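To start, the structure itself, in structure tokens.
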Amino acid sequence: MPKLTDSPDMIDKHTYEIRQDEDKVVYKSLEEVGDDLPDHAPRFVLLSYPLTMGDGRLSVPYVLLFYLPVTCNAEMRMLYAGAKELMRNTSEAGRIIDIESVEELEEIPDKLKSG
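Residues 1 to 115, numbered by UniProt numbering, are exactly what the sequence shown covers, in order.
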């Protein structure tokens with residue numbers, strides 16, 4: 001089973017500071033990541049996900065998941081959308097994958113393989 005590292009980041013809406021969730025957790029599956037994502041609040045998740053490509057090569061892409069559920073309020077949507085590129089540049093993630101629901105986590109390995 002692949003090992004992935006997750007760092008859910010939150011924005012303090014009073015100071016506009018992006019801060020890491022205090023629980024430093026190494027998840028064993030994307031399902032575990034989904035269990036920790038809130039239903040109505042956005043999150044940035046830094047993800048390093050080992051996978052085997054079609055030609056047998058091992059790849060470990062480092063990406064930023066931008067979790068923006070459709071049920072979150074407009075103020076939070078704007079706050080996180082405005083910070084997305086800053087978070088990508090600061091984290092030096094290779095790319096951003098936008099998801100709106102926990103169910104979309106199942107598609108992440110295919111998205112990573114497709115480049």
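Note that CB positions come from ideal geometry on N, CA and C, so glycine has one too. Predicted model only: the values in this text are computed from it and were never measured.
Here Asp36 carries a helix assignment [DSSP, helix/strand/coil].
Beyond the five residues adjoining it in sequence on each side, Gly34 comes within less than 6 Å, by CB distance, of Val102, Leu105 in the same chain, given in chain order. DSSP places Ser48 in no alpha helix (DSSP H) but in the uninterrupted beta strand (DSSP E) bounded by 43-48. For Leu86, the uninterrupted alpha helix (DSSP H) segment begins and ends at 74-91.
Counting other Cβ atoms within 10 Å of its Cβ, Val63 reaches 16 or more and is therefore classed as buried. Under the three-state reduction of DSSP, Ser59 is assigned to strand. Exposed is the label assigned to Tyr16, since fewer than 16 other Cβ atoms lie within 10 Å of its Cβ.
One alpha carbon belongs to His40, the other to Pro69, and they sit about 6 Å apart.
Contact check for Arg43 and Met87: beta-carbon distance about 11 Å, past the 8 Å limit, so the pair fails to qualify. In this structure, the straight-line span from the alpha carbon of Glu75 to that of Ser114 is close to 33 Å. When secondary structure is reduced to three states using DSSP, Leu68 falls in the coil class, being assigned neither helix nor strand.
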